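*Asks:* Numbering (my numbering), first residue to last: 9 to 219.
Yeah, the Cβ is synthetic: ideal placement off N, Cα and C, and Gly gets one too.
Fair warning: this is a prediction, and the values are worked out from it, not measured in the lab.
1. Would you check if the distance between the CB atom of residue 156 and the CB atom of residue 162 is smaller than 8 angstroms?
2. If residue 168 and residue 206 are in contact, beta carbons under 8 angstroms, what's the gap, nearest whole angstrom?
3. For residue 99, which beta-bridge partners are listed by DSSP?
4. Considering only residues of the stretch 134 to 186, which uninterrupted beta strand (DSSP E) runs meet the minimum length of 3 residues and lie entirely inside it, listed in chain order?
5. Starting from the Cα of residue 151, find the closest Cα among 203, 41, 125 and 52 and give me that residue.
6. Who are the Cβ neighbours of residue 183 in its own chain at under 7 angstroms, not counting the five residues just before and after it?
7. Tell me whether the beta-carbon of residue 132 lies closer than 8 angstroms to the beta-carbon of residue 147.
8. With a threshold of 16 other CB atoms inside 10 Å of the CB of residue 48, please say whether the residue is buried or exposed.
9. If you measure between the beta carbons of residue 17 and residue 69, is that distance less than 8 angstroms?
10. Does the distance between the C-beta of residue 86 and the nearest non-hydrogen atom of the ligand FAD fall short of 7 angstroms?
11. Could you tell me the alpha carbon to alpha carbon distance between residue 216 and residue 194, rounded to whole angstroms?
12. Quick one: Cα of residue 130 to Cα of residue 196, how far?
13. Taking the C-alpha atoms as reference points, what is the distance between residue 1 and residue 91?
14. Between which two residues does the beta strand (DSSP E) containing residue 208 stretch?
15. I'd like the span of the alpha helix (DSSP H) that includes residue 37, first residue to last.
16. Whose C-alpha, out of 149, 191 and 60, is nearest the C-alpha of residue 138?
Laid out in structure tokens, this is it:
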């Protein structure tokens with residue numbers, strides 16, 4: 009998760025409270041008290057949260073996130089916060105047994121990561137995550153800077169400001185909310201901001217993931 013917005017009632021539930029077991033979690037589910045077994049925190053704009061596989065998680069309140077994950081449509085629900093399916097008028101199905109089988113009960117509370125500053129000029133480049141599957145950086149600045157890397161695919165997401173991306177003699181407009189995929193053959197490009205910008209850059213795992 010790369011970026012969050014927050015409100016007074018915003019929460020990110022991530023991980024379990026101490027001494028949570030499969031048995032007492034099942035009892036909490038039956039009692040409609042799952043939130044009491046989940047660790048949570050109030051997010052701030054810009055927080056990044058890394059959720060290893062097996063981590064119970066949910067979003068509460070006015071939270072907007074950018075999420076990097078595997079290409080999978082599988083979701084196992086422990087609890088659905090009393091939501092009702094608009095199409096059927098009924099609660100959505102839960103998959104309690106499958107979910108509990110996937111949970112890492114040794115995983116404690118999960119909070120925001122501390123960004124690692126890799127570069128200050130011409131752009132502030134912060135590494136938010138780097139694992140065996142992907143890396144994610146946040147870049148903020150208003151002078152031209154390089155994005156992408158030779159021999160590896162990248163994804164660029166503009167989360168604030170706008171500008172132009174320069175590649176192979178052509179310029180491409182980039183604005184807030186735009187997502188660009190760089191195939192490995194594209195290599196490095198130059199981003200030219202019109203004013204202050206903030207972008208996320210995601211790299212797939214491989215030998216060139218660390219710049």
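*Replies:* Reading off the structure:
1. What you label residue 156 is simply residue 148 of the chain shown in a count that begins at 1. What you label residue 162 is simply residue 154 of the chain shown in a count that begins at 1. Contact flag set, yes.
2. Residue numbering aside, residue 168 sits at position 160 when the chain shown is read from its first letter. Residue numbering aside, residue 206 sits at position 198 when the chain shown is read from its first letter. At roughly 4 angstroms, the Cβ-Cβ gap stays under 8 angstroms, so residue 168 and residue 206 are in contact.
3. The residue labelled residue 99 in the question sits at position 91 within the chain shown. Residue 99 pairs with 92.
4. Within the stretch 134 to 186, the runs of beta strand (DSSP E) at least 3 residues long that lie entirely inside it are, in chain order, 142 to 149, 153 to 155, 162 to 168, 171 to 175 and 178 to 182.
5. Numbered from its first residue, the chain shown carries residue 151 at position 143. Here the closest residue by C-alpha is 203.
6. By one-based count along the chain shown, residue 183 stands at place 175. Taken in chain order, the residues that qualify are 166 and 170.
7. Start at 1 with the first residue of the chain shown, and residue 132 comes out as number 124. Start at 1 with the first residue of the chain shown, and residue 147 comes out as number 139. Using a Cβ distance threshold of 8 angstroms, residue 132 and residue 147 count as a contacting pair.
8. Translated into positions along the chain shown, residue 48 becomes position 40. Buried is the call here.
9. By 1-based counting over the chain shown, the position of residue 17 is 9. By 1-based counting over the chain shown, the position of residue 69 is 61. In this structure, residue 69 lies closer than 8 angstroms to residue 17 by Cβ.
10. You won't find the ligand FAD in this model; it holds no ligand whatsoever.
11. One-based indexing of the chain shown puts residue 216 at position 208. One-based indexing of the chain shown puts residue 194 at position 186. In this prediction, residue 216 has a pLDDT of 47, which is less than 50 and means its spatial position is unreliable; what the coordinates show is noted afterwards. In a straight line, the C-alpha of residue 216 is about 14 angstroms away from that of residue 194.
12. Taking the first residue of the chain shown as position 1, residue 130 is located at position 122. Taking the first residue of the chain shown as position 1, residue 196 is located at position 188. C-alpha separation (whole angstroms): 15 angstroms.
13. This structure does not reach residue 1, given that the chain is present from 9 up to 219, and the question cannot be answered.
14. Counting from one through the chain shown, the residue named residue 208 turns up at place 200. It spans 205 to 212 - the beta strand (DSSP E) in which residue 208 sits, taken as one unbroken run.
15. Here residue 37 corresponds to residue number 29 of the chain shown, with the count starting at 1. First-last of the alpha helix (DSSP H) with residue 37: 30 to 38.
16. Position 130 of the chain shown, counting from 1, holds the residue named residue 138. For the residues 149, 191 and 60, the minimum Cα distance to residue 138 belongs to 60.
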